[in-house]
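Residue numbers (the numbering used here): 1 to 123.
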Amino acid sequence: MGPDPYDRNCPTRQLLDRIGDQWTVLIVGALKDGPLRFTEIGHRVDGISQKVLTQTLRSLVRDGILTRTAYAVIPPKVEYELTTLGRNLSEPLEVLDQWARRHMTAVQEARDAYDAEHTPATA
């Protein structure tokens, strides 16, 4: 029997948690066109704190999705880039991005309808 992400002890569950994380999706998307420095990623992924960016990048390097290259220059220069595994992951994430953009209006309409039905009227 192979990996089962529905089993809480299966390592694939941790991997799905990582690649399903909002920051991972955005960071992988930001790097799909080539390597970027830490600050460039932070500017592209609006709203991410430096702490969370650092933690997420470290996890993605550990998982083999990104490489981190430090250059021996002053000031120090570090770039992050998708690995082959990361480029492979970027393909289905791009499909999710396109789906979200295409269906955002319908989702917002559903939210508005739900909220109108479930929000108590104020007197």
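Each residue gets a CB set at the ideal place from its N, CA and C atoms; glycine is no exception.
Would residue i pass as an interface residue toward chain B - the criterion being a Cβ-Cβ separation below 8 Å?
i, result
"P120", "Looking for chain B here will not work: only one protein chain is present."
Buried or exposed for residue i, going by 16 or more other Cβ atoms inside 10 Å?
i, result
"L96", "exposed"
"V78", "exposed"
"T56", "buried"
"L85", "exposed"
Which residue marks the beginning of the alpha helix (DSSP H) containing residue i, and which one marks its end?
i, result
"T105", "84-118"
"R13", "11-20"
Would you call the CB atoms of residue i and residue j closer than 8 Å?
i, j, result
"L93", "V45", "no"
"L31", "L89", "no"
"I41", "L53", "yes"
Tell me which residue opens and which closes the beta strand (DSSP E) that residue i is part of.
i, result
"L53", "Unbroken run through L53 is the alpha helix (DSSP H), 50-62; no beta strand (DSSP E)."
Let me check one thing: in DSSP terms, what residues is residue i bridge-paired to?
i, result
"K77", "Y71"
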